[in-house]
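Chemist: Supplied in structure tokens, the structure appears directly below.
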């Protein structure tokens, strides 16, 4: 267990380093930040001076090295666009994204599992088939279109729900939460549906497929033969075994919710990290982009790690053999 | 060819196909859309990719109404550039399908090769490939595509950026797509390589390449096919999504996704047709490909057969 | 009208104090980059700051210069290089400190310092001197007749406050600096900062001690400023009643907003012209055609200009929300005239003849570089141009990219044919000539990517900068415009229109610089 | 004669398929008395497992009982409501599957699976259920049962697992146990142990056992009576000694003869030509007629013979054999 | 660790024509936990001895059977004989030549246990049968059809796919494939254990017939003593990777010397054993990763004494066979 953890940690660090390097070498192709940082009245001399000041004249590896050296000390630099420490900017934005991801993830997970189980158990029923077909629409239209459609229906036509933003937030320590106010909660509805729909469909399909696989296992038949209640068989036996393979994919899906939030946040003007990243790209705000990508990798790596830990908790077979390679 | 079709018709898969109206409907839809895309130049009244055929004065012509300035007539209306929406959809469908199919093909070839090697060779090679897959997953597909797009835009000679865009999309989407293929093929390879027919092949003196590609791969085709189908739908949608973030097909040669991105700007302004028809086409395409994939998944799963 | 329940709740929550509070919820595509007034010379940044801070002189929505923190200004009789500004008395900063000449000297020097982004605007200033508690003298390097106009976005800070908070140097992001002044404000303006989360929400409350309470309407008691990047979402929010005022309404949504009973649109031609630039040098960046650069031939350039059907662009792409242009100079700028603004009608036969005359009977191929996120419908305009040019035989390959990629390309002269928009904050032709027509060099012509170089014009540009005799100056300018128009270095397209959408109860004049200042909003 | 524990009368199972309706079980009748082991033999596809599944009510859709009756201790059970049927499973009929590896839920401890079954069927406390589980494990010969009860299935060897499965099948003291190829997956030495265990339990508890297997040796060792199935039909039924030594049905004779033991010392084994026909492609008349050396026109044309066509009631054959092989 | 025992066979047999010589064959597998685990959790390196020091001869034209329960190493030996696996120690000589990857050139073939897994479901029968020939670059025209008829199927079946055949028919196809490269030796790994009794008889008969017709030599791997008794000339009994007894078939069945062999014979179900109360074997096969010291069978052996716990018995000739037991019966 410990060994496994250490090995994973090592791999994670490596992943972070690689992601960082890849990201870094990509930035210079996104554009040139200097034009955005200097006004219309700048002269060529200003541009050249700025380039040197920002260190953009140096080799990519050198820039990356400097970035890493500072990053290790917790210094991710100052945002070109906002002129504030990147850490501060990210910390300010993180709650919005994380809360949105949490809610959409929970929605996706809950409905994904419920619908997935239902469509697997009642495979041939009309309702199950309808759910399957309806869910396809969730993955057959781009997220942004669904978001825009929801805004048009629920905000513009019905005037029921807000079309943008987080509503009122409450600050608790360094964390701003929208969970504690009515408007904050209501503002979550449309974006979390938009964001979660796609993931829900994927999870549902996965759960269904795995469940169908598990349902034909001998131990399920044996459970039937022992006269256990259907509920107990479906939940205690089938679902539990379904969850083992579902955990991995679901973990990654939840991770990608944060990445997908880029689009949802743009559509709903959700003041989270995704929107920050889009702004950063437009402005070529290299420190923010770098920190964001590293953060996303960190989230993924952490989720991966948690998923693996979860395996140990769920599957006793792994506990004995000392973990998989 | 005919015998192939008839043998398909008579097979278990064919039986399942005949019993599924959704599958039949989806297949018809896919075929119709494919044909429409393929024969677009002969079907459409206009080549929307040729700027000299466009007349700005036709801009925003509503469907089935004559444009008062030019007396032109458009079935699905015209867009903001005076392009015939119908023609543009068919041409856009071509781009979308091309991006989708080639991206999936790219991901498939990459994923299948790596998965086969990982599963068959095992050991350290397997670890390296699968850890690479983990890293790949760590980098969300959208971000990969955005960054690759950024790079290519920067690296490619300016003159070629337009053409490059499509290929970049293909590579970017394909690159974010290979992991599921690799995983499933690796799994299949690990199962199949211990099957006796592989031993028999080794005994016959077959080399690893023959064994991997002639023996193991054909037996992993079912899940590959299912993943490919679903990936195709996902790739087409991904292209549309990327287009929304400004990294899609160029506006002069729009894909369905680009059309939708452009069209959504007019969602509130009354020119519904610019968004509606492309979105409907995309929906139908993705829906029918997805439904086919769904059906295929169930039909090819021997465990579900009664 | 129905209001979203929760939106109302939010609004109520924000109206903290006085009864009869008037909250203006204001949406915009972008947000200010900083609150430090000298750190960024950027439109939205200046606009947001201008609600809370003030310059000596500002430009009223009608385009006239308006006394603000200075009540009078004039060139010193004895010395044409010295401007004397009389300061308004009794003005207080938000923290209660009095405003005086020390603050002006300090602020102007801060704005002129190395790290300041505003220094380019007032580069002509040689020295600032306090000549009394409410009088300052500004000495320029040479005579500068338009100095006050150049100072409309140089805001005044409280010296004591800045020094106490160690923000004496403007924030220098490049050096990784963060200053107190970039997130806090202590100005003299009509609104005080309540809270600010960048890119999310900035709340300002009326400064009831504002010196101009009687001069301006200042009816809005609270301003909630929300950047909403996605145009569709922004318009939706206005339509659903979640916003009261949005700038930059997409042209296609104007009709929709107008048709909404509670909303209206205010329109004004913007101080910004949009045009194409052409590489007029001997060498095409993309490689010469038959050993020559067709764009070097003035006949080709004129033919191309003629091929652009400005009226069609105006009607279809801009839906009428533009003024077709014959000159790359916004209509308010000194030097603009009707004759200059004329443009040739599109005549395909004539264009083809002109091209044939220049030796391009079968046309040629060229790439058009275009931003897709900078000007109103920039990409669509370029697409339309591609189509129009192709109809006269010029094959155009469109390269539309984000401004982050586009502007560096222009800066590095990696383009032959590009779109550009240009606003003139000084409302004077000299600004255009300086940046767009002067031979590209370290200090001049920094936006001239056409490789156009006319030594005679260059010397004229330097001459008008120092010419104090307005009549003589106007004549020179007219002459210069005729020269460049004849050379067809740029292909003018149009002057953009501004459309501000708001609740019908507001009355305001649209500012040509797109600088909304809430103090001008009156409420019926 | 006392009421048999299990009485199956003319049981038929049908599966609708694209090739028409298939009948994997066709009018099968037999009884099992308390304390008796009935061996059901036949080759794969003969319908022996399907019969077991039909008795316990575990047919997987679309297979269903299309005719006949199943009586358990004088109560008809095939027509019961789903819920009542469930209560019978495990409580009154226990079942043992072929592969002990897959019969147990890998994620639950052996104790959890045992107590779960006991609590489902018997009105005992959790503590008692656990106590009972330990007893059961002891009874089936698991050493240190009190400690092993909290182990997971993968921590047991194959033979031990099959013992656990038997304990599970017996946990609610059923009167009938259906053992479906319980030793096929086991090594010879372990197989002997499991057969010994089954026989002992049967004797000690007076349980009726339906032992489904393809191994004539196992039948000979364990069963009291034997039923031979061919192509879904009962070919022959009788005491083990009779059926093995003096088979009456030609198929049964061929089956016995083709075992290597029966042909000991012979150069070639006796063999039945051909193979069992696929369901849905059964020949007219006696299903065995294409492979039967003595088949006559009657065998090919007349309706399928049944046990009652044999004067001795042993073989479903028009020309039953007499005498030894 | 003892050196591989000097393999001795009775003098009169030495001159005989032996096709296969297995000499001191051993195979170990590394089943150690990964390096980092060993480092941190201080776990030792662990090896699984699948086969230890096994020697035997197979005469040309005879059937040599290897019997044993799971984990006895019989399949591993089979794979080493055909050259699919490299021995860790010892040699396999076929016709005097070392078996290895190069010996796969057709001289040795294999028939597999599971007729469903041993034929590639995506290949036509023709290609399956011809593969050993085609892979060596040989001409394969007509071979499949010819062999199909040899194994009792029809030449027309060559164009079909495996799933169109029953289990017995598939095993016939597997046999045809083994014959395609004209082998001297066929290793049959539980060729009938997946088949029904009546079909098993058919396949066993076919194998006997082919052996005579082609002059083949079989190494017959099985756990089913009755099948082995029918097919084999000589039998080797394996327990936990070691050969514990080797003898001609009749001698083994009538007069087994090793207690394990006896236990196996006793435990095997018999058709004449109605209601027999067999003496049930004690215990189970130990974990091959950590086998008991000394004679691996001692924990289950009724005859075990102190010496069995301490030392591994050497192979000793008895009558026409050999046995490795301190207390051979």
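Residue numbers (our numbering), protein chains in the order written: chain A, 1 to 325; chain B, 326 to 631; chain C, 632 to 1155; chain D, 1156 to 1480; chain E, 1481 to 1809.
For every residue, glycine included, the Cβ atom is placed at its ideal position computed from N, Cα and C.
#1: What first and last residue would you give for the alpha helix (DSSP H) that runs through residue 740 of chain C?
#2: On the DSSP bridge assignment, give the partners of residue 756 of chain C in chain order.
#3: Going straight from the alpha carbon of residue 707 of chain C to that of residue 733 of chain C, what length do you get?
#4: Counting only Cβ pairs nearer than 8 Å, list the residues of chain A close to residue 641 of chain B.
#5: Looking at residue 1756 of chain E and residue 1775 of chain E, is the spacing between their C-beta atoms short of 9 Å?
#6: Taking residue 1035 of chain C and residue 5 of chain A to be in contact with their CB atoms under 8 Å, please state how far apart those CB atoms are, rounded to whole angstroms.
#7: Nearest CA to the CA of residue 39 of chain A: which residue from C:1078, C:1142, C:885?
#8: Roughly how many angstroms lie between the CA atoms of residue 1276 of chain D and residue 1779 of chain E, to the nearest whole one?
#9: In the region 146-165 of chain A, which residues sit with their C-beta less than 8 Å from some C-beta in chain C, listed in chain order?
#10: Short of 7 Å Cβ to Cβ, which residues in the region 1188-1199 of chain D face chain E?
#11: State whether the region 198-210 of chain A contacts the region 105-120 of chain A, with contact taken as three or more CB pairs (one from each stretch) at a distance under 8 Å.
#12: Using a Cβ cut-off of 9 Å (strictly closer), state whether residue 571 of chain B contacts chain C.
#13: Within 9 Å (strictly less), CB to CB, does residue 1326 of chain D reach chain A?
#14: Indicate whether the contact test is met: 3 or more Cβ pairs, each with one atom in the region 1550-1567 of chain E and one in the region 1719-1733 of chain E, closer than 8 Å.
#15: Which residues does DSSP pair with residue 1388 of chain D in a beta bridge?
#16: Of all the options E:1520, E:1509, E:1530, which has the alpha carbon lying nearest to the alpha carbon of residue 1766 of chain E?
#17: What separation, rounded to the nearest whole angstrom, lies between the Cα atoms of residue 362 of chain B and residue 372 of chain B?
#18: Give a yes or no on whether 9 Å exceeds the smallest Cβ distance from residue 366 of chain B to chain E.
#19: Which residues, in chain order, does the region 3-17 of chain A contribute to contact with chain D at a C-beta distance below 9 Å?
#20: Within 8 Å, do at least three Cβ pairs link the region 502-510 of chain B to the region 430-447 of chain B?
#21: Please specify which runs of the beta strand (DSSP E), each continuous and at least 3 residues long, are wholly inside the region 1375-1453 of chain D, giving them in chain order.
#22: Determine whether the Cβ of residue 1161 of chain D lies closer than 9 Å to any Cβ atom of chain A.
#23: Provide the residue span of the beta strand (DSSP E) that contains residue 1121 of chain C, from first to last.
#24: Measuring only the C-alpha atoms, how far is residue 1399 of chain D from residue 1374 of chain D?
#25: Return the residues of the region 259-283 of chain A that lie within a Cβ-Cβ distance of less than 9 Å from chain C, sorted by chain order.
#26: Does the Cβ-Cβ distance between residue 1048 of chain C and residue 1101 of chain C come in under 9 Å?
#27: Taking C-beta pairs closer than 8 Å, name the residues in chain E that residue 518 of chain B reaches, listed in chain order.
#28: If distances are taken between C-alpha atoms only, which option among C:895, C:1087, C:1002 comes closest to residue 1051 of chain C?
#29: Closest by CA to residue 1302 of chain D, which one among D:1326, D:1252, D:1286?
#30: May I ask you to report which of helix, strand or coil DSSP gives residue 1171 of chain D?
#31: Our contact map puts residue 718 of chain C next to residue 701 of chain C with C-beta atoms below 8 Å; I'd like the distance itself, whole angstroms only.
#32: Smallest Cα separation from residue 1081 of chain C: which of C:756, C:1153, C:793, C:915?
#33: Just how far apart, CA to CA, sit residue 11 of chain A and residue 1801 of chain E?
#34: Specify, as a first and last residue, the run of the alpha helix (DSSP H) that residue 316 of chain B falls within.
Modeler: Per the coordinate set shown:
#1: 732-743
#2: C:771
#3: 20 Å
#4: Limits of chain B in this structure are 326 at one end and 631 at the other, which puts residue 641 of chain B out of reach.
#5: no
#6: With a Cβ gap of about 41 Å, residue 1035 of chain C and residue 5 of chain A do not count as contacting.
#7: C:1078
#8: 40 Å
#9: 148, 151, 152, 155, 156, 159, 160, 161, 162, 163, 164, 165
#10: 1198, 1199
#11: yes
#12: yes
#13: yes
#14: yes
#15: D:1385
#16: E:1530
#17: 13 Å
#18: no
#19: none
#20: yes
#21: 1380-1385, 1388-1394
#22: no
#23: 1121-1134
#24: 9 Å
#25: 266, 267, 268, 269, 271, 275, 276, 278, 279, 281, 282, 283
#26: no
#27: Near residue 518 of chain B there are no residues of chain E at all, since even the closest Cβ is about 12 Å away, more than 8 Å.
#28: C:1002
#29: D:1286
#30: strand
#31: 6 Å
#32: C:915
#33: 57 Å
#34: Chain B is shown only over 326 to 631; residue 316 of chain B falls outside these bounds and no answer can be derived.
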